[in-house]
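Residue numbers (my numbering): 172 to 675.
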Ligand SMILES: [Zn+2]
């Protein structure tokens, strides 16, 4: 070979191998998107675009622990749009379609992708759609074919087999009250990257278990779920299996897929039967122990709860106004507990809080120290609640909120009760929420919050809790709700039904 030709040969060789090296070093590209909502179909007020927090582009990866845990030399995340809103009524059709189409447009322009990671809740329900999450996934598949798709969920999602069919990997929180959100998202991404790296085609075995319970009967640190959730990490250790989930479901979404479900992800089709065996075993055990799914705190009607709290030896008793639980999509403007506490002349209590934006405006106008006569609440939930006339003195007005935030709580003293009024639905789930309104909950005899179960940060401090079984869009007594679309038979609506887990 002549010198020139040799040089040319070596040059080509060098270029080829450097291209190969570049090819090898190219980080895998994972597109990220999400539409998350827990939709309460009993709440007649649709959830609109303005109710959502939307992060676009680089914002999607800010404070995303699952993204920060990855080496950018190995993974390039392609962020698109993540939208989530507090639990509330069904999502308006145009709102969902706007988010969906914005994501799909970015998918079209994204170039070559190796995988997709979706952050979903699982209890999304959209006006005019049977299952909007399936609609979203199918449109995504139309554009991306058989790309690997992984999704992380809240265990309160209502999951259909059609949705599972569109996903390769699915994983859900394993704690309720939830303390493993970050861990779950990281697990979903890690499993997706493992599948990409090893060239796997994971598929998920799934069974809907006909059990419809409020989340308050599905606490993961309490039996029977404690033992069942403890099995999940053991299932994952079985050869060929990648992940396992149990969904408690969301009973206030009246759709056919509502209720509990179980899933096991197999690394490829050759392990499907093994995954199915584990799913059947989990579903059978769940079904066998269905009657043990009970509240883990005492329950009572409103007057009974107030009475017990007043007589309790503990310095502070938390009462949860469970039918108006805003973390389950109820209105948050129910006045029934406050009305009964005023009637019973309770001397030292906090009610946190009641939604009434006009009343907040009035208080802000009047200023701290001013006396006010107001008719509050019972406007969003005009079904189970009613407006209540009160007279009080304004104790506290939060500073003007930052641009874009409507959050401005005020506190009134109404007889012996410190009443927090809110501009929009929110929940007091931790001591920090009380600090914001300068209230020390443990300095009062009774603290009423619009929750079902206490979230972990309040559980940690509450000397005692009573769940008041109040009427509302999140009524704990699902047997009393008028279901139209939930599949039947289902426990406990059809208490005598028989069932055996099987695959269609
Ligand atoms: Zn949840």
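Virtual Cβ for every residue (Gly too), placed ideally from N, Cα, C.
Check                                                                                                            : Outcome
Counted within 10 angstroms of its Cβ, other Cβ atoms place residue 177 as buried (16 or more) or exposed        : Annotation note: pLDDT 48 at residue 177 (below 50); position unreliable, coordinate value reported separately. Burial call: exposed.
Heavy atom of ligand 1 within 7 angstroms of residue 302 beta-carbon                                             : no
Residue 671 burial status per 10 Å Cβ neighbour count (16 or more: buried)                                       : exposed
Helix, strand or coil at residue 614 [DSSP, three-state]                                                         : helix
Local Cβ density within 10 Å of residue 192, reported as buried at 16 or more and exposed below that             : Only weak support exists for where residue 192 lies, its pLDDT of 44 falling under 50; the value from the coordinates is given anyway. It counts as exposed.
Rounded Cβ spacing between residue 375 and residue 335 (contact assumed at less than 8 angstroms)                : 5 angstroms
Extent of the continuous beta strand (DSSP E) run through residue 397                                            : Unbroken run through residue 397 is the alpha helix (DSSP H), 396 to 407; no beta strand (DSSP E).
For residue 491, the three-state DSSP class (helix, strand or coil)                                              : strand
Span of the beta strand (DSSP E), counted from its first residue to its last, around residue 544                 : 542 to 547
Length at least 4, wholly inside the segment 574 to 639: the alpha helix (DSSP H) runs in chain order            : 602 to 607, 627 to 630
Any residue whose CB is nearer than 6 angstroms to a heavy atom belonging to ligand 1, listed in chain order     : 325, 327, 349
Buried/exposed call for residue 540, threshold 16 Cβ in 10 Å                                                     : exposed
Per-residue burial, residue 190 [other beta carbons within 10 Å of its own, 16 or more giving buried]            : Confidence is the limiting factor: at residue 190 the pLDDT is only 48, short of 50, which leaves the residue's position unreliable, though a coordinate-based value still follows. Per the 10 Å Cβ criterion, exposed.
Start and end residues, alpha helix (DSSP H) containing residue 447                                              : 443 to 459
The segment 610 to 621 contacting the segment 533 to 548, beta-carbon criterion three pairs below 8 angstroms    : no
Pairwise C-alpha distance: residue 285 and residue 631                                                           : 43 angstroms
Secondary structure of residue 559, DSSP reduced to three states                                                 : strand
Buried versus exposed call for residue 669 [16 or more other C-beta atoms within 10 Å across all chains shown]   : exposed
Close beta carbons around residue 288, own chain, < 7 angstroms, minus the five adjacent residues each side      : 201, 203, 321, 359, 360, 363
Range of the contiguous alpha helix (DSSP H) that encloses residue 315                                           : 303 to 315
Close Cβ partners of residue 311 (< 6 angstroms) along its chain, the five nearest in sequence each way excluded : none
Paired residues, beta bridge with residue 226 - DSSP                                                             : 253
Any non-hydrogen atom of ligand 2 within 7 angstroms of residue 510 CB                                           : As for ligand 2, it is missing from this structure, which binds only ligand 1.
Proximity to residue 224 [Cα-Cα], best of 216, 252, 248, 237                                                     : 252
Residue 270 - containing alpha helix (DSSP H), residue span                                                      : 264 to 279
Backbone CA spacing between residue 264 and residue 458 [nearest angstrom]                                       : 35 angstroms
Short Cβ contact (8 angstroms threshold) for residue 555 with residue 642                                        : yes
Burial state of residue 590 (16 or more Cβ within 10 Å)                                                          : buried
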